[in-house]
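Per the numbering used here, the sequence shown starts with residue 178, numbered consecutively.
Using N, Cα and C, we set each Cβ at its ideal position, and we do this for glycine too.
All values reported here derive from a predicted model rather than from experimental measurement.
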Amino acid sequence: MKLLKAIDLYGKIPKGLAEPTSSGAVVSIITLVLLGLMIMNEVIEYITIDVQSEIIVDQQLSKDRVQVNLDIKFVKAPCDFLEIDQQDAMGQSLSQQFIELKYYRLDQSESRINEYIRNNNNWVVTEDARKAINEKQGCEVVGILKVNRVRGKISFGPHRSHSYISEVGNINLPLDYSHKFISFSFGDENALKKVKSMFQQGQLESLSGTQRIKKNDLASQSMQHEHFINIIPTHYTLLNKQIYSVYQYTANHNEVRSHHYGNVQLRYDFAPTSVTYWQTKEDILHFIVQVCAVIGGIFTVSSMIEASVYKIMRMLLKVE
């Protein structure tokens, strides 16, 4: 037993031999305060979720279709003169099975009047269009499209309806396709909502909340509004390894004079790379090691400081 006690690295000082001092009390208080602050900092770092990212070559198959979510208000163009057209680099146009859009007539305050449903009766169409022009109606387009993952163009304009524009009469040409993006995004809407609630990284809705209004000095000109959109496949991974694949994008705008009735074109292309974001968090074992290191370091340094202060105080007392 004596041999065992001889290798004790933590020898105890009898309580009666311990001498409490004022300097020791001050150092102890400072030590406890610093210890609390540093442990709190370690706890914050442990519970904080960090996000890392990397750029890699996109490996998704080009045959996959991409969902386009849109809500656009054409504040001065009636629904009667607004149709959608889409073409891509493969020479394909969207069939009705990939279009789920609704059109709503808007009054001058941009509030919905009712849902617009196109009528095949040319006379009825003409009368409705004349009424919409007289009431200065606008049109809101809401819904989704599913496009191929290749370069393409989505166009909003009169298209087929241009054939009866001249029949309407008293129409104030050219048509004004000023518009506001209420929301515009790519990918599954539920995945987008989840990503936006968990991550701050990425430009998922660059066009949302923006608008392009025709200038007064161009009122007599037909204008073509062009938006150039670069789409970047983006993957978000949560701590539980659940992955959400959506698309972020950047957009630029240009306006050119048109020899026709004017329109709005969304020209899009897909980047050859993709961005991956993933959440990370400090491991529990690393947290425990850090806390132990903080406690050990604080008490070691504080004991050295206290011993030095005590010696200095003793020396000063002897000098006196």
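N-terminal and C-terminal residue of the alpha helix (DSSP H) that residue i is part of
i	result
residue 374	366–375
Residue i - partner residues in DSSP beta bridges
i	result
residue 498	With the chain covering 178 to 497 only, the question about residue 498 has no answer from this structure.
residue 278	320
residue 289	283
residue 400	434
residue 410	424
Sequence-distant residues of its chain with Cβ nearer than 8 Å to residue i (five each side left out)
i	result
residue 290	281, 282, 283, 284 and 314
Residue range of the beta strand (DSSP E) that includes residue i
i	result
residue 260	260–265
residue 229	227–234
residue 242	242–251
residue 458	First-last for residue 458: undefined, no H or E at that position.
residue 330	329–334
residue 313	It is not in any beta strand (DSSP E) - residue 313 carries neither H nor E in the DSSP assignment.
residue 360	356–363
8 Å Cβ cutoff met for residue i and residue j
i	j	result
residue 235	residue 451	yes
residue 305	residue 257	yes
residue 243	residue 279	no
residue 424	residue 329	no
residue 252	residue 287	yes
residue 326	residue 405	no
residue 475	residue 208	yes
residue 331	residue 415	no
Where residue i falls: helix, strand or coil (DSSP)
i	result
residue 491	helix
residue 378	coil
residue 446	strand
residue 422	strand
residue 254	coil
residue 417	coil
Same chain, Cβ closer than 7 Å to residue i, five either side skipped, listed in chain order
i	result
residue 245	321, 322, 324 and 363
residue 473	none
residue 376	228, 413 and 454
Other residues of its chain near residue i: CB distance less than 6 Å, five sequence neighbours each side excluded
i	result
residue 379	411 and 425
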